[in-house]
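See structure below.
There are 2 protein chains.
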Amino acid sequence: MSVGGSVAERAGAWASVRDRLRERGLRWTPQRRLMVDVLAQTDGHITGAELVERCRELDPATIPSTVYRTLDVLEQLGVIRHGHGRDGREEFHVLPQNEHGHLFCSGCSGSWDIEAPEASPLVRALRRQRGFAVDLSHLTVVGVCEDCSSDRGVARRS
Amino acid sequence: MSVGGSVAERAGAWASVRDRLRERGLRWTPQRRLMVDVLAQTDGHITGAELVERCRELDPATIPSTVYRTLDVLEQLGVIRHGHGRDGREEFHVLPQNEHGHLFCSGCSGSWDIEAPEASPLVRALRRQRGFAVDLSHLTVVGVCEDCSSDRGVARRS
DNA sequence: GGTGCAAATGCAAGAAGTCGCATCAGCCAC
DNA sequence: GTGGCTGATGCGACTTCTTGCATTTGCACC
Chain A
92 MSVGGSVAER AGAWASVRDR LRERGLRWTP QRRLMVDVLA QTDGHITGAE
142 LVERCRELDP ATIPSTVYRT LDVLEQLGVI RHGHGRDGRE EFHVLPQNEH
192 GHLFCSGCSG SWDIEAPEAS PLVRALRRQR GFAVDLSHLT VVGVCEDCSS
242 DRGVARRS
Chain B
92 MSVGGSVAER AGAWASVRDR LRERGLRWTP QRRLMVDVLA QTDGHITGAE
142 LVERCRELDP ATIPSTVYRT LDVLEQLGVI RHGHGRDGRE EFHVLPQNEH
192 GHLFCSGCSG SWDIEAPEAS PLVRALRRQR GFAVDLSHLT VVGVCEDCSS
242 DRGVARRS
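Chains A and B, in that order, are what the protein sequence lines are.
Heads up, the first sequence is in this note's numbering, so the first residue is 92 and it goes up one at a time.
Heads up, the second sequence is in this note's numbering, so the first residue is 92 and it goes up one at a time.
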């Protein structure tokens, strides 16, 4: 499920999608090929709506429900991982190498990654006290960043 | 912004909404009165859709956009606070006394509260390292609970 | 009790998904 | 190369909000 970091390894991960689908009795269709092409050119994050739009640029016949269903399948293969952004909308991490969460500022709408070491106090505490295994890629922490709190307490919708 | 915990204090908090609105030049309308009535009978959490439905039971003429707009206003008064549930849908904490976050299990869809002490390792770390002020009421941690991880790794949509 | 202005409402259209179902088409076996 | 099984697609309807705009109405002032 973990995928390497070099350009070649990333390309390999995408190239293997076709075979990984077939191994599971799933199919390699033109629509899925298009989506994989688009995702292979994407770094970091993408929302469902953005992906639909980019696919439509290449093939205007793209249907949203197909895109969302294929995203579910690709998530099962581990090549993407979904989370929820600051407004609760779905967001996908492409080729999640190092699982990470997100920090959102409700003042300036800024966004930062939270790497595993930074989250580990919480992750460890929850595991120890509740036996709960946190899905870090799914973690979104909302609050106010340093810059915004020194400005003033703007409380925008998040 | 913080509201007491006894029944009388809670009732008082709701009763004061009318005057708190007027103080700000805002209005007390039949629609808002209805919503406050419904919320006053609500413990803990409610989603926007649930609230719309309950209001409609009492007044079938209830319009969703009015409800959502009023929720924004009530949040500014501090009597509710919004967050995002496991599926990213909006969820409101009614009369937030002790700010808390949520833990969701993607296996069994179970939900637990995270109180401040439990989250404090993360909150403190982010404040110290980044000057970031976490909004705890907005925190939703997704993962797999003890029971589900001992069963097997069911990976349902979250 | 009336008047006027700004706030709220109602309505309609739109965004972002989600779901059920009939049809289509990969792909495995022959 | 063909056929058939089953997974995938396309489509339409629905959910949950969100936003713009015309109309209504609360309420402060006279």
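Cβ atoms here follow ideal geometry from the backbone N, Cα and C, with glycine treated the same way.
| field | alpha helix (DSSP H) segment containing Val-143/A, residue limits | value | 139 to 149
| Any Cβ of chain B within less than 9 angstroms of the Cβ of Leu-165/A? | no
| message | Quick check on Val-225/A: buried or exposed, where buried means 16 or more other Cβ atoms within 10 Å of its Cβ? | response | buried
| Under the three-state DSSP convention, the category Val-170/B falls into | coil
| task | Alpha carbon to alpha carbon, how far is Gly-222/A from His-193/A? Give it in angstroms, no decimals. | result | 23 angstroms
| With burial defined as no fewer than 16 other Cβ atoms inside 10 Å of the residue's Cβ, what is the status of Arg-172/B: buried or exposed? | buried
| To which residues of the same chain is Cys-239/B closer than 7 angstroms at the C-beta, ignoring the five residues directly before and after it? | Cys-196, Gly-198, Cys-199 and Val-245
| For the alpha helix (DSSP H) that contains Gly-103/B, what are its first and last residues? | 98 to 106
| query | Any Cβ of chain B within less than 9 angstroms of the Cβ of Ser-107/A? | reply | no
| field | Per-residue contacts from Glu-190/B into chain A (C-beta, under 9 angstroms) | value | Going along chain A, no residue has its Cβ under 9 angstroms from Glu-190/B, so there is no contact; the nearest lies around 12 angstroms.
| message | According to DSSP, is Ser-211/A part of a helix, a strand, or is it coil? | response | helix
| request: Using 10 angstroms around the beta-carbon of Ile-177/B, count the other beta-carbons present and answer buried if the total reaches 16, otherwise exposed. | output: Contrary to the premise, residue 177/B reads as Arg rather than Ile in this sequence. Buried is the call here.
| For a contact meaning CB atoms closer than 9 angstroms, what does Ser-197/B contact in chain A? | Asp-226 and His-229
| said: Quick check on Thr-161/B: does DSSP put it in helix, strand or coil? | reply: helix
| Nearest residue (CA-CA) to Gly-116/A, options Trp-203/A, Val-164/A and Thr-138/A | Val-164/A
| query | Once you ignore the five residues that flank Val-256/B on each side, which residues in its own chain have a CB closer than 6 angstroms to its CB? | reply | The structure shown does not extend to residue 256/B, since chain B is modelled only from 92 to 249, so the question has no answer here.
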